[in-house]
Amino acid sequence: MLNIVLFGPPGAGKGTQSQKLIEKYNLVHLSTGDLLRSEIAAGTELGLRAKSLMDQGILVPDEVVIGMISNKVQENENAGGFIFDGFPRTVPQAQGLDKLLLQHDTQISCMLALEVDEEELTQRLLLRGQTSGRPDDQNEELIRKRVQEYNTKTAPVADYYAGQGKYFSVDGIGEIDDIFNELCQHIDALKSK
Ligand code: AMP
39 MLNIVLFGPP
49 GAGKGTQSQK
59 LIEKYNLVHL
69 STGDLLRSEI
79 AAGTELGLRA
89 KSLMDQGILV
99 PDEVVIGMIS
109 NKVQENENAG
119 GFIFDGFPRT
129 VPQAQGLDKL
139 LLQHDTQISC
149 MLALEVDEEE
159 LTQRLLLRGQ
169 TSGRPDDQNE
179 ELIRKRVQEY
189 NTKTAPVADY
199 YAGQGKYFSV
209 DGIGEIDDIF
219 NELCQHIDAL
229 KSK
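Under my numbering, the residue at position 64 of the sequence shown is numbered 102, and the numbers go up by one with no gaps.
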């Protein structure tokens, strides 16, 4: 199984690159942000609780997202692999994911981290906010809060995978196809091992 953590701050291009990677490698895309927005749209209790945190740019509790991911992995038992997008966002989430995958006799193959500086991220997200309809992309203060959450709680997740020899950094600024090719080179190198 090919299980990829696509990592990077909000606006780094994880969603765009995920779409291309799932097509090329026939993977199941699991985005906790998308899953949470579906819960909100469906008006579930989980969605209602998550919404108030998401509206403030704050992470939702680890057990909520680990529970959602666990259900999705279970539902896709026969998948060729997964792309985890926007997850794990804390070290306990990363530990929870390792435990979960072990129960399914598999593991993370690699973390691919898209590197983009904060000014570029802010501009990209404000632009995306004009068309995405996402309230958390339309307010600069909220965007900065999300980047701050990333820097304090999420960035350490890179060290977690680096400690396992699974971390690869990719420049996230440039042409979409060039960035995609670089991601593919890392994946193909792993596959040929
Ligand atoms: P995203 O679509 O990945 O930018 O996520 C939007 C919002 O959903 C984030 O700002 C968080 O409030 C919440 N969220 C998404 N994924 C996670 C996660 N793995 N852990 C905690 N909160 C999350």
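Even for Gly, the Cβ is constructed at its ideal location relative to N, Cα and C.
The structure presented is a predicted model; accordingly, all values stated were derived computationally and were not measured.
contact_flag[the segment 92-112, the segment 125-134] where n(CB pairs < 8 Å) is 3 or more:
yes
message = Nearer than 7 Å: is that true of the beta carbon of residue 125 relative to any heavy atom of the ligand AMP?
response = yes
### Alpha-carbon spacing of residue 68 relative to residue 61, whole angstroms
14 Å
In the DSSP assignment, the beta strand (DSSP E) including residue 154 goes from what residue to what residue? No beta strand (DSSP E) contains residue 154, which DSSP labels as neither H nor E.
Short of 7 Å in beta carbon distance, which residues of its chain neighbour residue 156, apart from the five on each side in sequence? Order them along the chain.
185
Residue 41 - partner residues in DSSP beta bridges: 120
- Minimum C-alpha distance to residue 153 - residue among 88, 175, 63, 189: 189
>> Mapping the DSSP letters down to three states, classify residue 108 as helix, strand or coil.
In response: helix
Just checking, does the segment 221-229 make contact with the segment 131-150 on the three C-beta pairs under 8 Å criterion?
yes
Touch check for the segment 158-167 and the segment 73-86: three-plus C-beta pairs under 8 Å?
no
Comparing alpha-carbon positions, which option in 218, 231, 228 lies nearest residue 55? 218
- Query: Secondary structure at residue 97, three-state DSSP: helix, strand or coil?
  - Reply: coil
message: Looking at the strands, I want to know which residues DSSP matches up with residue 68.
response: 122
| query | Between 42, 108, 138, which lies nearest to residue 118 when the distance is taken from Cα to Cα? | reply | 42
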